[in-house]
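In our numbering, the protein residues as written are 1494 to 1585.
Beta carbons are placed, not taken as given, at the ideal position from N, Cα and C, and that holds for glycine.
This one's a predicted model, so the numbers in the text were calculated from it and none came from an experiment.
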Amino acid sequence: MCQIDKKEALSVIADIKDWQARYENVENLPLAFYLKYKKLLSSYKDAGKSKEEVLYFFSKIAEDYQDGSAFVHEIMDLIEGYCRPDFRVWSK
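Set out below in structure tokens:
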């Protein structure tokens, strides 16, 4: 497993706090949220990170940042293809 990059994790947490300030819950997230994180996930894949490594990275963020875990889980759902299968970056 890859090591979680603290700087990158803090950046994701700060971004999620911004989304939380604008949207009460994940049910109201706009398409822009999904597009942003699809692009980020694609950059991880292009850098050679596996789906498992990226899932681990986001699960650690969800664990460390409980207040925003619903938003982080929404990103994790993007990785798995549950919430937006059309935005899946890694194939099954």
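Counting only runs of 3+ residues, no beta strand (DSSP E) is found wholly inside the region 1538-1582. The DSSP-derived three-state label of Tyr1530 is helix. Exclusion of the five residues before and after Val1547 leaves Leu1534, Tyr1537 and Ile1572 as the residues of its chain whose Cβ lies within less than 7 angstroms of its Cβ. Secondary structure at Glu1517: coil, using DSSP grouped into helix, strand and coil. In the three-state scheme derived from DSSP, where H, G and I count as helix and E and B as strand, Leu1524 is classed as helix.
For Met1569, the closest of Asp1539, Gly1541 and Phe1526 by C-alpha to C-alpha distance is Phe1526.
A residue is called buried once 16 or more other Cβ atoms fall within 10 Å of its Cβ, and Tyr1575, having fewer, is exposed. In the structure shown, the three-state DSSP call for Asp1511 is helix.
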